[in-house]
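Numbering (mature numbering (1 follows the signal peptide of the UniProt record, and there is no 0)), first residue to last: -23 to -1, 1 to 894.
From the three backbone atoms N, C-alpha and C, an ideal C-beta is built for every residue, glycine too.
What follows is a set of notes on a single structure, which appears directly below.
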Amino acid sequence: MNWLSTVLVGLVLALLALIPVECTELTFELEDNARQCFYEELKKDTKGTLEFQNYNFVIENKEVLLTNLWYTPADNSTVPSVQEATGEAETKSSNEAVSDTSQRVEKTRGTNVSKAIADDIMLLEMERCGLANLHNYYECKQKSCKDFSKEEEARQKKLKKRRFHHSWVEERELAYDNTTGIWWLLFSENQGMFCFLCCKHKTLNTQNNAAVFSTTPSTRYRKEAIREHSLTKMHEAAVEAEMNHRVSMFHQQYEEKKAVRNDVLYNAFAALYWLAKEAVANVKFFSLLNLFRAVGLDKMQHFNHKSAAAVREMFLTSGNVVKNMIIEEIKKAGSYGLLIDEVTDIAVTEQLITFVQFWNSTSGGTEIKFLSANDLLVESDSANAETITSTLVKELNQCNLSVEKLNGLCTDGASVMTGKTSGVATRLKELNKHLVSIHCICHKLSLACCDTNDEIAYMQEVERWLFQAWKFFENSPKRLAAYLKTQLSVKKLQEPSKEAKDKCVRRLAKATRTRWLSLGKAVEGVHKDYIPLMLTLRQLDQKDAQASGLLGKMYKVKFIGVVTVMHHVLPVLNKLSCTFQEGKISFSHIKPAIQKCIDDLDKIVQTGVPVTEFLRDLSPGGRLEQADLIASDGDELFLSNFLVKYVNSLKKSLNSRFPTLPLLSAFSIFDPALVPERGQPGFRDYGSVSVKLLAEQFFDEDSDKRQLMDEWQVFKYDLAKWKNELPEEVRKPPGGSKPTVTSTDWCLQKLMFMKDLVPFNLPLVAKVAEAVISLPVSNGWPERGASSLKLMKTRLRSRMKNDMLNALLHILINGPKVGSKEFEEVIDASVRAWLAAKPRRKCPPKFVSTPVVASAGDISENFVTVQDAGVQTEGDAEGVTPSHPSIAEEVDATSKALELPADDGDDSDYGSDFDDF
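If you want it as structure tokens, here you go:
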């Protein structure tokens, strides 16, 4: 029967919670948040009953109860109490009511908190009343005023009633209040008598709601009328309101909190912005605020929005502000291009990373910004072309970006992206046939190198051995330490400092096809440290089978000879790849850059430098003398043939991967350096074929095509003039370095400036120029975006939702530098957006389910201290969330049915890799 008793007790307690509680002997010892909430609800009460959370209170003597809420034991040794009120109070006579009120006031006056206020402060308070020609104790004392003006004297003489005597404002028994220490009697000429306290607190007569002495003057000029007013409930309410205003320490904190609210929010948003910018876990937000307080920002103690839901909303708001700023700039542009790529994050979620390239008229330059990261499988079973296209279009619609302005799409060239029948580019062209699809030139170059490695069988073996060598040392600290010590020994260096050691020794690089330039770095490491590598493998030969196998494959003339050939060839390709990764707009230089690379490769074959250098290194006194390898005539012949075959295969792959593209070549007409001089024969027809091709690509109407041809005939004269105006740093960069701005960049930017700043009579040329300037040629930015995504979404934050991920990535990638002017604008906009999203108000505190005691003095025990009463409490910063038994039971049942492991909750939006320590 124990369970039955438990149920009965629970029912009794539930019924007791519904019984109204009569407020008697009430002494509050509450947290400030709970006190403020109860006080606000009590002020609104008009029925005599207060429903506060799961309690019902019967309110008696509301005025003194309000006063009690502001007193704390720390403030006074004497705390006013609310005497028990009975139904007999309704039958009291008016004199008894006045007497009862007087007694209650005397209790308040008995405290030691009333202090006289300085005259200068009271003069300012009097001015706020807005009364003209005012006479009161403070004004008249300052001006030594003893009489009214002649006009007022004449007005009062005409009155049949008794006159107001100026001396009354200085009579202590009439005009002074002992509780507040204020001379409250005011007289306004041509109006009448006012009460300063009633005017200030806008009190009304409790019986008829009259505003006499408050906003309406009293013209009953008798001392009895003044004394009667001082005893009214209207005046008492004003006195209590004044005492509440002055006595309450909480009120002072509340006023201070309101005064510094915007500063507190600004600092809080700046803190979380810094966390996102530095890729620090969100959970460190409160730790950073504690640091602020520790270094002297005491006002941060007023930041009360500490629930997980509130902080999450703040992060989302900051990210959305950064995103919206970028979207507004994109909307101003006449054209934009997208750069997209797929990546799988730590949660095995297939994300579509999207960047956008456009002309920013505000900053006056071409910008590439992160747009979104979308889960491709959230509404689809496969990340096919249809899913990617629908995800892109949905994102553009949510950003209010027109698909008609989408003129460029750069991808990695995968079949799902560039398929002729149903690829993403093909599907987008159905929505906008002017779209230009670009296969990333960096990916093309990487594929060209991979094609070469696949054609030559021995190259595949070398590539595999390089990867195995890296893995052999990377997975063993002991082996790696032995390898680094061997390097120091071979280089005849004593044990150097850590800084010198890092510069003198190098690790092997990972050779993989999925990372650009990685093969070249792996080859460089083996080529420069071949002797230490072989010595280390020899030391481990007898104890490690893997070391023995690597030594047998790599300790050969053929292997190190091929590595030497690759050491001379790959830097040429890496240099071309780095040029393409810069993303500079110079379509006219794509083909010449490839041709320059091919010419450099031919030069290597013609000179035979790799083979000659290799033979010199193996000779006595050479770099590889300690290897004790001897190259035979057959080895020399093999290397010479390998060099020719390797270079020819590379040239073939480059030519096949970079065919002549008429459309991209047509963009070269915007390069002033290519324009013939006006006197040369080629000037007349220069660019006509290319412009005709561009007209077919970007315009539908024949009239627009003809207009573009006509505008071009005018614009090429401007190009001929601009050719002589090219800056010296563009024409001939100092020191033979690469130009930071190509001639094509310079021309397009000048054209866009002219379009934005002055009336331009070549609108279609400008439209084509903006399409060209917003057309991406390299997909390197999504690759960097994927790295940023993995930096944000770590193992311990693997449950991070995509809305939070997007917000953090926008701040990390697109957000301005902390401390800049743009940073301040973002923080200001974030605070305004967060405040405008919904009312930010105090929420009632939570109660524990405890029996209700009739004595109101025990109410403080029923309050639960809460850290945040200003926001919705989905869960506090420590992860405490409201319990939902039905949901928890459902989750437990499902977990047991599926035999899932226990959820320790170690990965979330707020996790950090540092949490393990």
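Report task. Taking the CB atoms as reference points, tell me whether I433 and K622 lie closer together than 8 Å. Result -> For the 8 Å CB-CB criterion, I433 and K622 form a contact.
Query raised in the report: The alpha helix (DSSP H) with D352 in it runs from where to where?
Result: It is not in any alpha helix (DSSP H) - D352 instead sits in the beta strand (DSSP E) that spans 342 to 352.
Query raised in the report: Mind checking whether P548 and G497 have CB atoms under 8 Å apart?
Result: Yes, the Cβ-Cβ distance between P548 and G497 is below 8 Å.
Query raised in the report: When every heavy atom of the ligand GTP is checked, does at least one fall within less than 7 Å of the C-beta of E217?
Result: Looking for the ligand GTP in the displayed structure turns up nothing, as the structure carries no ligands at all.
Query raised in the report: If we count the other Cβ atoms within 10 Å of its Cβ and call it buried at 16 or more, is D722 buried or exposed?
Result: So D722 ends up on the buried side.
**Report entry** Delimiting residues of the alpha helix (DSSP H) encompassing F414
**Finding:** In the sequence as displayed, the identity of residue 414 is Ser instead of Phe. Boundaries around S414 are those of the beta strand (DSSP E), 413 to 416, since no alpha helix (DSSP H) includes it.
Requested in this report: Leaving aside the five residues before and after F730 along the sequence, list all residues of the same chain whose C-beta is less than 8 Å from its C-beta, in chain order.
Outcome: G341.
Query raised in the report: Is F246 near I804, with beta carbons less than 8 Å apart?
Result: Cβ atoms of F246 and I804: closer than 8 Å.
Report task. In angstroms with no decimal places, state the Cα-to-Cα distance between G753 and L315. Result -> Per the sequence presented here, residue 753 reads as Pro, with Gly not at that position. Straight-line Cα distance between these residues: approximately 7 Å.
Query raised in the report: What number of angstroms, rounded off, separates the C-alpha of N779 from the C-alpha of L631?
Result: Answer to the nearest angstrom: the Cα atoms are 39 Å apart.
Query - Chain-order list of residues whose beta-carbon lies under 6 Å from that of V848 (same chain, five-residue window excluded) - result: In this predicted model, V848 has a pLDDT of only 37, less than 50, meaning its place in the structure is not dependable; the value taken from the coordinates is given anyway. So the qualifying residues of the chain are H282, S284, A287.
Report task. Look at the Cβ atom of F444, then the Cβ atom of K505, and state whether they are nearer than 8 Å. Result -> Not a contact, by the Cβ cut-off of 8 Å.
Query raised in the report: Given F647, which residues of its chain have a CB within under 7 Å of its CB, disregarding the five upstream and five downstream residues?
Result: By the criterion of a C-beta distance shorter than 7 Å, F647 is surrounded in its chain by T721, C724, L725, A746, V749, once the five residues flanking it on both sides are discounted.
Report task. Note the first and the last residue of the continuous beta strand (DSSP E) segment covering W336. Result -> For W336, the uninterrupted beta strand (DSSP E) run begins and ends at 327 to 337, by DSSP.
Query raised in the report: If you drop the 5 nearest sequence neighbours on each side, which residues of the same chain put their C-beta closer than 6 Å to that of C106?
Result: So the list reads C176, once near-sequence residues are dropped.
Query raised in the report: By Cβ distance below 8 Å, which residues in the same chain neighbour V401 in space, the five residues on each side in sequence not counted?
Result: Cβ within range, chain order: I317, A362, I365, T366, L369, L386, T388, V393, M394, T395.
Query - alpha helix (DSSP H) runs wholly inside the segment 481 to 527, at least 4 long, in chain order - result: With a minimum length of 4 residues, the unbroken runs of alpha helix (DSSP H) contained wholly in the segment 481 to 527 fall at 495 to 505, 507 to 516.
Report task. Measure the C-alpha to C-alpha separation of A806 and K300 and round it to an integer number of angstroms. Result -> When rounded, the distance between both Cα atoms is 12 Å.
**Report entry** Rounded Cβ spacing between L786 and S765 (contact assumed at less than 8 Å)
**Finding:** About 6 Å separates the beta carbon of L786 from that of S765, a gap short enough to meet the 8 Å contact definition.
Query raised in the report: Relative to the C-alpha of T183, which residue among N167, Y153, A215, I203 is closest?
Result: Selected option, being the one with the closest Cα: A215.
Query raised in the report: On the three-state DSSP scale, how would you describe H420?
Result: Helix at H420.
**Report entry** Three-state class that DSSP yields for Y663 in the structure shown
**Finding:** Of the three classes helix, strand and coil, the one that applies to Y663 here is coil, per DSSP.
Requested in this report: May I have the straight-line CA-CA distance separating F644 from A672, to the nearest angstrom?
Outcome: So the two alpha carbons sit approximately 12 Å from each other.
Query raised in the report: Do W251 and V795 have their C-beta atoms within less than 8 Å of each other?
Result: The answer is yes: Cβ separation under 8 Å.
Query - Same chain, Cβ closer than 7 Å to V241, neighbours up to 5 away in sequence not counted - result: Residues of the same chain with a CB within less than 7 Å of the CB of V241, apart from the 5 flanking positions on each side, are K276, M277, H279, F280 in chain order.
**Report entry** Exposure label - P597; buried when at least 16 CB within 10 Å
**Finding:** Around the beta carbon of P597, a 10 Å sphere encloses fewer than 16 other beta carbons of the protein chains shown; the residue is thus reported as exposed.
Query raised in the report: T321: buried (16+ other C-beta within 10 angstroms of its C-beta) or exposed?
Result: T321 is exposed by the Cβ-count criterion.
Report task. Could you pull out every residue in the same chain whose Cβ sits closer than 6 Å to the Cβ of K655, ignoring the five residues on either side in sequence? Result -> The sequence given here has Arg at residue 655, not Lys. Excluding sequence neighbours, R655 sits near A697.
Requested in this report: Compare the C-alpha of R774 against each of S423, I330, V260 and name the closest.
Outcome: Among S423, I330, V260, the Cα nearest to that of R774 belongs to V260.
Query raised in the report: At which residues does the alpha helix (DSSP H) containing V540 begin and terminate?
Result: Start and end: 534 to 558.
Query raised in the report: E129 and E104: beta carbons closer than 8 Å?
Result: At a Cβ-Cβ threshold of 8 Å, E129 and E104 do not count as neighbours.
**Report entry** Cβ-based neighbour list, S357, same chain, cut-off 7 Å, excluding 5 preceding and 5 following
**Finding:** Excluding residues within five positions, the ones whose Cβ falls inside 7 Å are T364.
**Report entry** Alpha carbon of S665 to alpha carbon of L595, nearest angstrom
**Finding:** C-alpha separation (whole angstroms): 59 Å.
Query raised in the report: Can you check whether the CB of I508 is closer than 8 Å to the CB of L592?
Result: No; because the gap between Cβ atoms is not below 8 Å, this pair is not in contact.
Query - Nearest to K421 (by Cα), restricted to the options I304, P649, G757 - result: When I304, P649, G757 are compared, the shortest CA-CA separation from K421 is found for G757.
Report task. Evaluate A271 with the Cβ neighbour count: other Cβ atoms within 10 Å of its Cβ, from every protein chain shown; 16 or more gives buried, anything less gives exposed. Result -> By the Cβ-count criterion, A271 is exposed, with fewer than 16 other Cβ atoms from all chains shown falling within 10 Å of its own Cβ.
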